[in-house]
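See structure below.
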Amino acid sequence: MPISESHVGRTYEPTPPYEVSTAKITEFARAIGDDNPAYFGESPVAPPTFLAIVAARAWDRMFDDEELGMALKRVVHGEQAFTHQRPLRPGDVIQATLTIDKVRVRGAMEFVTVTVTIATTAGEPVCHTTSTLVHSREAA
Amino acid sequence: MTTTAQALPEVGAVLSELRFPATRATAVRYAGASNDFNPIHYSDRTAAAMGLPGVLAHGMWTMGSALRIVTDWVGDPAKVRSYSLRFTKPVVIPDTDEGTEVVVKGAVTAVNDGVVTVTLEATCGTEKVLGNAVVEVVW
Chain A
1 MPISESHVGR TYEPTPPYEV STAKITEFAR AIGDDNPAYF GESPVAPPTF
51 LAIVAARAWD RMFDDEELGM ALKRVVHGEQ AFTHQRPLRP GDVIQATLTI
101 DKVRVRGAME FVTVTVTIAT TAGEPVCHTT STLVHSREAA
Chain B
1001 MTTTAQALPE VGAVLSELRF PATRATAVRY AGASNDFNPI HYSDRTAAAM
1051 GLPGVLAHGM WTMGSALRIV TDWVGDPAKV RSYSLRFTKP VVIPDTDEGT
1101 EVVVKGAVTA VNDGVVTVTL EATCGTEKVL GNAVVEVVW
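Chains A and B, in that order, give the protein sequences. Going by the working numbering, the first sequence opens with residue 1, and the numbers climb by one from there. Going by the working numbering, the second sequence opens with residue 1001, and the numbers climb by one from there.
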C-alpha cells in the first residue's frame, strides 16, 4: 500500500535528542560556504538552515514506515520553509516531530507535504519547518 | 557595495549579487555536514536510474548557501525569522573542477512593523533554481 491521502495526519515519535555542538555548526557553515563570524568563535549561533540536519532525521521516520513505501533516493525536494522562534546555540538539545500534512498523487509521483516541529527536550519550541517532498513511486 | 545595513531599508533596496560554485566537492561536503547521504547527490548511476539529468546539488545546500546574500547584508544571522522557497529546477553538477555556478539576486519587497521582507531569485545557467524565495528579517 503506497502513501495516500489516508495517511494525512499521521505523526511519528520525536527523533532522539540531538545536542547542537560548536563543531557541527562550524562544519555546517563551511559546507554552505559561509564565513559569517556569528557562526565561529566562542558563542556561535547555528545557521538558519542548520535544522535541516535534525529535520531529516524526522523524515527518516517516514521513510522507515513500510506502509508508505517511500525511499530517500526516490525523493526530490520540492519546497521548504523555516520559521524560527530563536536561533540555536551549542548545548541546545533538540528533538524533531514529523506530521504528514498533505498527500497528492499524480500518476507515479507522490507530493508529500510534512511539518516538522523542533523543540528542546525541555519543550521549548525553536523552529517550525514545512517541506514538500516529491517521491517517485517504484514500478510494481 | 557590500555594506552592512543599519537603518531600516526601503522597499526596492537591492542587495549585492551573490555568486558561488556548485561542484561535486561542495555536494560531498554538504552530505557529510548535513548527514543527507541521498546518493542522487554524488552517484551518476543512481541519478540516472532515478531519471534525473545528472547528479544534483542538495536543495538544502542551495537554500543555505543562497541565504548568505541576506546574512552578509544584515550581519547577524539570528535576525532571520523565516525563510521559505520552492526548488523550481535542480542544480545539476557536472563532474568537472569548476562545476557550475549559482547566481542569487535579492531585493527588499516589504517593510512592516520592523520586519523586512527580502525576495530572492537564484539561477544556474538559464534555469531559475529557487522560486518564491522569501526571507523575513527582524530589524
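By construction, the Cβ of each residue, glycine as well, lies at the ideal position given by its N, Cα and C atoms. These numbers come from a predicted model, not from an experiment.
Step through the CB atoms of chain B and report whether any lies within less than 7 angstroms of the CB of residue i.
i, result
"A/H135", "no"
"A/E42", "no"
"A/T83", "yes"
"A/D64", "no"
"A/P16", "no"
Apart from the five residues on each side of it in sequence, which residues of its chain come closer than 6 angstroms, Cβ to Cβ, to residue i?
i, result
"B/K1105", "E1017, E1121"
"B/T1002", "Residue confidence is low: B/T1002 scores 49 on pLDDT, short of 50, so the model does not pin down where it sits. No coordinate-derived value is stated."
"A/P2", "G69, R137"
"B/W1139", "L1008, G1114, V1116"
"B/F1020", "S1065, V1102"
Using DSSP's beta-bridge definition, name the partner residues of residue i.
i, result
"A/S136", "A/M109"
"A/S131", "A/Q80, A/V114"
"B/K1105", "B/E1121"
"A/I94", "A/Y18, A/T120"
"B/V1014", "B/A1107"
"B/L1130", "B/F1087, B/A1122"
"A/P125", "A/A119"
Does any residue of chain A have a CB that is nearer than 7 angstroms to the CB of residue i?
i, result
"B/P1094", "no"
"B/A1033", "yes"
"B/R1019", "no"
"B/T1002", "Any reading at B/T1002 needs caution, since the residue's pLDDT is 49, under 50, leaving its predicted position unreliable; the model's value is listed next. It does not; no Cβ of chain A falls within 7 angstroms."
"B/S1065", "yes"
"B/V1070", "no"
"B/S1016", "no"
Going along chain A in order, which residues have a C-beta closer than 7 angstroms to the C-beta of residue i?
i, result
"B/I1040", "K73"
"B/D1036", "A56"
Below 7 angstroms CB to CB, which residues in the same chain sit around residue i once its five sequence neighbours on both sides are set aside?
i, result
"A/P47", "F28, A29, I32, D34, Y39"
"A/A108", "S136, R137"
"A/D65", "none"
"A/V8", "I100, D101, K102, V103"
Give me the chain A residues within the contact set of residue i, using Cβ-Cβ distance strictly less than 9 angstroms, ordered along the chain.
i, result
"B/V1108", "What B/V1108 touches in chain A: nothing, since even the nearest Cβ is about 18 angstroms away."
"B/D1044", "Within chain A, no residue comes near B/D1044; the closest Cβ sits about 13 angstroms away, beyond 9 angstroms."
"B/L1085", "E79, Q80, A81"
Could you work out which residues of chain A lie near residue i, taking near to mean beta carbons separated by less than 8 angstroms?
i, result
"B/D1076", "A38"
Check the Cβ of residue i against every Cβ in chain B and list those closer than 7 angstroms, keeping chain order.
i, result
"A/E178", "There is simply no residue 178 of chain A to check, as chain A begins at 1 and stops at 140 in what is shown."
- Whole runs of the alpha helix (DSSP H) within the segment 1041-1104 of chain B, excluding any shorter than 4 residues: 1044-1049, 1059-1066, 1068-1074
- Report the residue ranges of all alpha helix (DSSP H) runs contained in full by the segment 47-71 of chain A; include only those spanning at least 4 residues, in chain order. 52-63
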